[in-house]
Each structure stands twice: as structure tokens, then as C-alpha cells.
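Student: To convert, take the position in the sequence shown, counting from 1, and add 1; that gives the numbering used here. Just so it is clear, CB atoms sit at the ideal spot from N, CA and C, and this is done for glycine as well. From a predicted model like this one, the values you see are computed outputs, not experimental measurements. Sharing a structure below in C-alpha cells format, with a few things to ask.
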Amino acid sequence: MAYILYKIPDSAKYQKFTIPKSGGGEREICAPVERLKTLQRHLANALYACRDEIDRESGLRPLSHAFRRTVIVTNDRRHKLSIITNARRHKRQRYVLNLDLQDFFPTFNFGRVRGFFIHNNDFKLNDKVATIIAQIACFENALPQGSPCSPIVADLIAHLLDVRLAQLAKKHQLTYSRYADDLTFSTSRRDFPPSIAAPVTPESPEWAPGRELAKVIDKSGFVINPTKTRMQFRMSRQLVTGLTVNAKVNIRPEYYRRARAMCHSLFETGQYYRPLSVPETEAEDGEDVKLEPVTSLNPLQGILSHIHHVKDAIDDRPEPEKRMDATAARKLYARFLKYRYFVRLDRPLIVCEGKTDNIYLKHAIRQLTDFHPKLGEWEDNSFKSAIRFFNYTGQAHKLLELGGGASDLKYFFIKNRYAEDVRGFKHRPLAHPVVILIDNDDGADGKKGLLSTIKTNFNINIDLKSNDSFFHITDNLYLVKTPGKGKKVKSCIEDFFDPKLLKTKLNGKKLNLKKDHGADGEYGKYLFAEKVVRPNADKIDFSDFKPLLERITAVIDHYKPPD
Numbered sequence: 002m003a004y005i006l007y008k009i010p011d012s013a014k015y016q017k018f019t020i021p022k023s024g025g026g027e028r029e030i031c032a033p034v035e036r037l038k039t040l041q042r043h044l045a046n047a048l049y050a051c052r053d054e055i056d057r058e059s060g061l062r063p064l065s066h067a068f069r070r071t072v073i074v075t076n077d078r079r080h081k082l083s084i085i086t087n088a089r090r091h092k093r094q095r096y097v098l099n100l101d102l103q104d105f106f107p108t109f110n111f112g113r114v115r116g117f118f119i120h121n122n123d124f125k126l127n128d129k130v131a132t133i134i135a136q137i138a139c140f141e142n143a144l145p146q147g148s149p150c151s152p153i154v155a156d157l158i159a160h161l162l163d164v165r166l167a168q169l170a171k172k173h174q175l176t177y178s179r180y181a182d183d184l185t186f187s188t189s190r191r192d193f194p195p196s197i198a199a200p201v202t203p204e205s206p207e208w209a210p211g212r213e214l215a216k217v218i219d220k221s222g223f224v225i226n227p228t229k230t231r232m233q234f235r236m237s238r239q240l241v242t243g244l245t246v247n248a249k250v251n252i253r254p255e256y257y258r259r260a261r262a263m264c265h266s267l268f269e270t271g272q273y274y275r276p277l278s279v280p281e282t283e284a285e286d287g288e289d290v291k292l293e294p295v296t297s298l299n300p301l302q303g304i305l306s307h308i309h310h311v312k313d314a315i316d317d318r319p320e321p322e323k324r325m326d327a328t329a330a331r332k333l334y335a336r337f338l339k340y341r342y343f344v345r346l347d348r349p350l351i352v353c354e355g356k357t358d359n360i361y362l363k364h365a366i367r368q369l370t371d372f373h374p375k376l377g378e379w380e381d382n383s384f385k386s387a388i389r390f391f392n393y394t395g396q397a398h399k400l401l402e403l404g405g406g407a408s409d410l411k412y413f414f415i416k417n418r419y420a421e422d423v424r425g426f427k428h429r430p431l432a433h434p435v436v437i438l439i440d441n442d443d444g445a446d447g448k449k450g451l452l453s454t455i456k457t458n459f460n461i462n463i464d465l466k467s468n469d470s471f472f473h474i475t476d477n478l479y480l481v482k483t484p485g486k487g488k489k490v491k492s493c494i495e496d497f498f499d500p501k502l503l504k505t506k507l508n509g510k511k512l513n514l515k516k517d518h519g520a521d522g523e524y525g526k527y528l529f530a531e532k533v534v535r536p537n538a539d540k541i542d543f544s545d546f547k548p549l550l551e552r553i554t555a556v557i558d559h560y561k562p563p564d
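Written out as C-alpha cells, the structure is:
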């Protein structure tokens, strides 16, 4: 830590660059170098843990909803504090007032950060420790945007503002909440208190902060952004952190329609159009929004993920099975993910039976130079993979019903389902193959097994004894089975490790490959991958993985994209 703080010159600790603001202009980002970033992450984690303890002991509802790990329970469902919980505080109100704090992170200078940790009753740290924390957190006498510890430090210091504004809100029968630098007050009172905010002139639609509110914010060390004060009435659209709150918290309809139009254009042409400057959540009804053509999938996935997250969180149906019903938003996002993963590939995709297989294969490819550069290669001490592995996330499980395991892979082999999904896109480059990799063992066999399903639906002669390098199913879809080892026909991917490695004990426990997480006296495949294979990959002999990797490269060589 001393080397990072005192030996590395300040000019070498951060990389500066700018990104466009959603409403126009540019925002400067100061990204810490990796060593400093790691140190800042450790500090952030410690401070998050401190705040969790502070929240538990106080027993009070948090007033800020950003940069938190706190979980609340509503209707037997767990929710993290977010823009959704922030917006919920202001549903069905006569008045909703939004304000913005100007230059939020730069407001917190070195002395303010240091002084907080010395004087705050929840910390009361000695001068030396507080100074070190400020040195880790600050750059050029401010909290830098881009540091992983800036959000939690800023939020801790801003808590005093929250307390004062909550007291002010209670005095005037208002509801108050904060999300980062966005302040919101709401009420169903007949008249909004002018000491909090009032129209600039009696006939003006523009509102300005009242004297009492401005005094509290100024006393707390913050400045109101005069261009971002906005009063919204019950008879008009009311937005809080980009979500409508008139009747219930929801995505703005125009925002969803824009996302749907983007997807339609993408699926038809391979590109879509997005707003150039004004975010869709802030554009006024009927306002012309300048659009730019985009081919990158990441921005659109961010939009769809946001919509899905909000729609899923506000689904208040008590029955879990009904909440799993595919809504229009969920169907749209699922279709996008199929397009991204299986149609618009930038490299071959390997879909294994589970997360642990991905770990094995990634390290095998790194170590076995015979497969470089076909499957990847080292560049400047960094390995660049030439293939992708399907990432089994909660989102993939919920939307695509792919959660890992041989049974979930049946999606690919239900007759015509994959082909119909793929061919449902007018723009379908299919530049690379999708390779389904399965263990050639009893799990794939039997009347209800994958091999029987493939044989029935695609008229492909396949069973455990089949020794083909691969099987072309349809379009860009292939199946690869783990090859036999020696005279054994059946195999699983762990068979390609040295038997001595499979006997490795963890805390006195033996490996049980039939379990993901093990049982009493045993540990499962997940811990084997994470605690045995990953940390020791440079020392492990992966040579027996060669026949399997040869099958994968055979698919890549065989596949020819459509003209």
C-alpha cells in the first residue's frame, strides 16, 4: 500500500478520458491503474460492510437508494435498493419535485473526506487512518469519477444531508429520498410548501428551490444545479429516476416502444438507431430526438436489461409461477439474447453442460500451445481467446431456460426450435458455429436423454458408441461429445485430468464428481474447479484434453457461413 500511495507519482495513478453525458456535454472519468483500483476495491468493501452494520443497528429505513447492498423484502420478494425502490417512495402523489446536486463527486475534497472519518460518530478514526483513507480515495483534491470507492465514500458523507432533508420533509409533510445526486420530494397536500420550492413567477412553469431548502443544502456543503429543478403534477407525467410514478412505478411507454423499434431494426438490418444526446427517459412527448445508427449490441442490451429489471421488480403477482409467465418485455429481451448469442457471433461459441467445464477448457486452451492461434494465443502476457464460452447467468436461466446441466441443453435439440428461432431473424450472419459440448456418459443416454432426442428429431445416427468428431445438427449448430479414453467408451470431461489430481483433498474432504457442491466429508465439482484447477492451472498437465480440443477445432474447420 505504501508503494502505491507514496512511490507512484500522482500523474501515473489514473488515466483520464471523457465520455458524453446523456443530456449533452462531456463527463471526465479518472480511471485508477489496476494496483490502485484493487486497493480502492478493498476500501470500498470495508466501508460497505461498515455501513451495513450501521444500518442494522439503527433499524431505520435508508434515505439514499444508490450505491447500496441493502436488501428489503416486499410481498415475500427480496429487492436491492435501486432506482425502483427510490421511485416507489413517490407513487400516486399530487406533487413530485426533482432536484439535482451540482458536481456531486468533486464536492468531496480531501479535507472533507478526511474530516468525516475523524469526526463522524460512526467512525471516529484517528488522524493517521483517516488521512490514509483520504489518500486512497481522493485524486487532485476530489473524489474521482471512475474510482470504485468514490460512490460509497460520497454516500456516507452525504448521509448528514439526508438526515437534515428528511427532518425538513417531515416538518412539511413531504416524502423525501435521494438517489446519488438526485433529490426527490413529494406530497399529496393541496398546496406545495413555498419554503421548499415555488414557481419562479406566478405564471411560470419553472420552479426554483425555496429559501429553507436552499439553506439546508448549502449548510450541508452542496450546491443545487439550477437547470435541473423540475416540478411534476398529478395530471402530467411524473418521473423519478427515469421511472413513471403516477399510478405505479413503471418504464416510460415511449422508452419501451423505442427499444422495441431498435430491436426490430436490428433483427431486420443488423443495425438500429438510438438517441444521440437526450436520453429517452427525459425527452418530452413529441420532442424530436436526433438519432444515430449503431451496430454495437452492448447499448441495446443495457436498455433491454434495464427494462427487464424494472418490469420484473414491479411484477407484484404473489404467485411465483405466474411471475414466470413470459411478458412482452421478457420475450423481446429473450429474442435479443438469442440473436446475440447464436446469430450475431463474433467468434465460435462453446456451450458446455455447466460453469465448471468452462473453467477446465479455458485453462486447457491456455496451456496447450498446439491449439494456438486456432483457439487463442498469448499477446503481451495476456491471453486472447479466439472462442467464447456460454456464460450461465441468472438472466440466461430466467430468459432462455439455460441454467446449466444436460437437461437444459434440450432447447437446442427440440425439433425445429433452434432453426425456427435462428431463421426468424432477417439479418442472420451466422458467421461462426455454436458447439454444444456434452459428456458421453449415462446422463446423455436413455429414452429421454439428449442422444435419443437428437436421433429422433434430426434422424442422426448417434449413441454412446458413436466416435465421430462432431455432429452437424442444423444451421450453425453442432454437437461434440467427450471422446473415450483408452478402451472406455463412456467419458466425462473430468476424465481428462490426471487421476492424482482428482484425489486432491480440500480441508480433509474428498472429491465427489456426482455432486456440484458435495456433501458431508465431500466436495463437489464447483470447488474442484475453483479451488483446485483455477489456482493451480499453470502446474496442471492438460495434455489429455487434446483429443477433445481437436474435436472443437474440427467443427471450426468444417463450418462454412452462409453466403
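(1) Using 8 Å for Cβ pairs, my map puts L478 next to V435. What's the rounded Cβ distance?
(2) Which residues mark the beginning and the end of the beta strand (DSSP E) in which Y177 is found?
(3) How far does the alpha helix (DSSP H) with V154 in it extend, from its first residue to its last?
(4) Could you tell me which residues DSSP pairs with T188 in its beta bridges?
(5) If you reduce the DSSP assignment to three classes, tell me which class N251 lands in.
(6) Using three-state DSSP, classify P210 as helix, strand or coil.
(7) Could you name each continuous beta strand (DSSP E) segment of 3 residues or more that falls completely within the segment 358–410, going from the start of the chain to the end?
(8) In or out: E495 buried (at least 16 other Cβ within 10 Å) or exposed?
(9) Name the DSSP beta bridge partners of V435, please?
(10) Could you check the C-alpha separation between A198 and V224 for me, to the nearest Å?
(11) For the 8 Å Cβ check, are there 3 or more pairs between the segment 458–473 and the segment 482–498?
(12) Using only the alpha-carbon positions, how far apart do K547 and A432 sit?
(13) Do you know offhand how far I553's Cα is from R113's?
(14) Would you mind sorting E354 into buried or exposed? The rule is 16 or more other CB atoms within 10 Å of its CB.
(15) So T185 packs on V97, CB below 8 Å; how close in whole Å?
(16) Curious, which full-length alpha helix (DSSP H) runs of at least 4 residues does the segment 81–135 contain?
(17) How long is the line joining the alpha carbons of R345 and S148, rounded to whole angstroms?
(18) Entirely within the segment 467–552 and at least 4 residues each: give me those alpha helix (DSSP H) ranges in chain order.
(19) Touching or not, the segment 104–121 and the segment 247–266, by the rule of three or more beta carbon pairs under 8 Å?
(20) Closer than 6 Å by C-beta to K456: which residues in its own chain qualify, once you throw out the five before and the five after it? Chain order, please.
(21) Under the rule that 16 or more other beta-carbon atoms within 10 Å means buried, what is G395, buried or exposed?
(22) Looking at the unbroken beta strand (DSSP E) that takes in T328, where does it start and where does it end?
(23) Tell me whether N382 is buried or exposed, calling it buried when 16 or more other Cβ atoms sit within 10 Å of its Cβ.
(24) I want to know whether the segment 358–370 touches the segment 302–319 - three or more CB-CB distances under 8 Å.
(25) With C-beta atoms as the reference, is L292 less than 7 Å away from M263?
(26) Three or more C-beta pairs closer than 8 Å, one from the segment 175–189 and one from the segment 86–103: is that the case here?
(27) Who does D183 pair with in a DSSP beta bridge?
(28) Does F459 come out as helix, strand or coil in the three-state DSSP assignment?
Tutor: In short, the structure shows the following:
(1) 5 Å
(2) T176 to Y180
(3) S151 to I158
(4) Y96
(5) strand
(6) strand
(7) 377–380 and 383–386
(8) buried
(9) Answer is L350 and L478, bridged to V435.
(10) A straight-line Cα-Cα distance of about 15 Å links A198 and V224.
(11) yes
(12) Cα-Cα distance, rounded: 25 Å.
(13) 57 Å
(14) buried
(15) 7 Å
(16) 84–89 and 111–120
(17) 33 Å
(18) 500–503
(19) no
(20) I463
(21) exposed
(22) It is not in any beta strand (DSSP E) - T328 carries neither H nor E in the DSSP assignment.
(23) exposed
(24) no
(25) no
(26) The answer is yes - the segment 86–103 touches the segment 175–189, with three or more Cβ pairs under 8 Å.
(27) D101 and Y180
(28) helix
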